[in-house]
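Below you'll find the structure, written out as structure tokens, and then a few comments.
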Amino acid sequence: MTDSERKKILQKPSRMKSYMTTLLLIVLLWWSAENTDSSLPKLIQGAPEMGKLIVEMFPPDWSYIDVVWDPMMETVQMAVIGTTIGGLLAIPIALLAAGNVARTPWIYQPARFILNLIRTIPELLFAGLFVAIFGIGAAPGVLALIFFSFGLIAKLTYESIEAIDPGPLEAMTAVGANKMQWIHFGVVPQVAAQYAAYFLYTFEVNVRAAAVLGLVGAGGIGLFLDRTLQQFRYDRSALIIILTLAIVLIIDYISTKVRERLL
Numbered sequence: 261m262t263d264s265e266r267k268k269i270l271q272k273p274s275r276m277k278s279y280m281t282t283l284l285l286i287v288l289l290w291w292s293a294e295n296t297d298s299s300l301p302k303l304i305q306g307a308p309e310m311g312k313l314i315v316e317m318f319p320p321d322w323s324y325i326d327v328v329w330d331p332m333m334e335t336v337q338m339a340v341i342g343t344t345i346g347g348l349l350a351i352p353i354a355l356l357a358a359g360n361v362a363r364t365p366w367i368y369q370p371a372r373f374i375l376n377l378i379r380t381i382p383e384l385l386f387a388g389l390f391v392a393i394f395g396i397g398a399a400p401g402v403l404a405l406i407f408f409s410f411g412l413i414a415k416l417t418y419e420s421i422e423a424i425d426p427g428p429l430e431a432m433t434a435v436g437a438n439k440m441q442w443i444h445f446g447v448v449p450q451v452a453a454q455y456a457a458y459f460l461y462t463f464e465v466n467v468r469a470a471a472v473l474g475l476v477g478a479g480g481i482g483l484f485l486d487r488t489l490q491q492f493r494y495d496r497s498a499l500i501i502i503l504t505l506a507i508v509l510i511i512d513y514i515s516t517k518v519r520e521r522l523l
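For what it's worth, the working numbering labels the leading residue of the sequence shown as 261, then goes sequentially.
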């Protein structure tokens with residue numbers, strides 16, 4: 261090896277790529293702030309008003325808990341139903357969307373298109389549509405959460421299916437296993453734990469989402485949060501936020517422990 265070749269090897273790599281990437285990020289940040297009329301001076305200017313709002317929230321009106329407890333439980337129930345039904349419906353579509361299971365583009369490509377279409381529509385829009393159809397109540401919220409859970413769980417599950425070890429599947433094919441046996445004994449055992457983890461994660465997200473869906477009339481605690489905000493009863497809004505936070509933290513702790521055991 262010549263001295264010139266040795267110098268080329270020892271030479272530091274060019275930082276031009278890092279500089280260009282940093283410059284691109286700065287330009288994108290500036291362009292986004294400029295077009296959304298967002299700036300640090302405006303944030304600083306609005307800080308006193310944010311402080312006034314926080315002051316009006318405390319102390320929370322703890323007597324209001326008797327009114328909002330049942331709606332809070334309804335929110336959790338909406339999340340339970342929406343996650344369960346959506347998670348069950350996600351199983352067959354996840355199998356159809358997995359390329360190593362369906363193996364035929366005209367099967368898994370339409371399945372993926374359906375999932376992309378459903379995940380494109382936010383749950384608030386689903387809730388608004390179902391409220392217009394069924395009226396104000398918990399039913400539109402449950403339906404919105406079913407669609408949201410279906411799209412999210414199916415997407416994550418089919419990606420996990422495509423990452424499984426192909427060895428057991430090839431062995432089962434060699435001994436003449438049919439498609440159902442192939443899925444039941446070769447695919448399901450490898451993705452069951454991941455599916456359960458995705459299910460629990462989606463349930464956590466749905467509890468938070470169900471609390472927001474009430475803002476468009478889809479039942480749950482969100483209806484009362486919207487009402488207290490419109491009435492400028494920020495002390496009651498603070499109570500609802502604290503109660504929702506407590507419920508979410510409890511569910512998050514339980515879900516974390518369950519996922520640790522599964523994985």
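No residue lacks a Cβ here, since even glycine has one placed at the ideal position from N, Cα and C. Just so we're clear, the structure is a prediction, and the values are computed from it rather than from any experiment.
Check                                                                                                                                  : Outcome
Shortest alpha-carbon distance to I501 belongs to which of T488, A387, I511 and I421?                                                  : T488
Is the stretch 309 to 324 in contact with the stretch 495 to 514, if contact means three or more CB pairs nearer than 8 Å?             : yes
Under the assumption that G401 contacts I378 (Cβ atoms under 8 Å), give the Cβ distance between them as a whole number of angstroms.   : In fact, because the Cβ distance is near 17 Å, the residues do not count as touching under 8 Å.
Does the pairing of the stretch 350 to 362 with the stretch 412 to 419 give three or more beta-carbon distances under 8 Å?             : yes
What does the alpha-carbon distance come out to for the pair A293 and G479?                                                            : 35 Å
Quick check on DSSP: helix, strand or coil for I424?                                                                                   : coil
Could you spell out where the alpha helix (DSSP H) holding T282 opens and where it closes?                                             : M276 to N295
Excluding the 5 residues flanking L289 on each side, which residues of the same chain have their C-beta closer than 8 Å to its C-beta? : none
Among T282, G477 and K517, which has the Cα closest to the Cα of L385?                                                                 : G477
Verify whether the separation of the beta carbon atoms of V467 and I511 is less than 9 Å.                                              : yes
Give the secondary structure of I396 by DSSP, where H, G and I count as helix, E and B as strand, and everything else as coil.         : coil
Please classify G482 as buried or exposed, where buried requires at least 16 neighbouring CB atoms within 10 angstroms.                : buried
CA-CA distance, G359 and E422?                                                                                                         : 7 Å
Tell me whether the beta-carbon of L405 lies closer than 9 Å to the beta-carbon of G311.                                               : no
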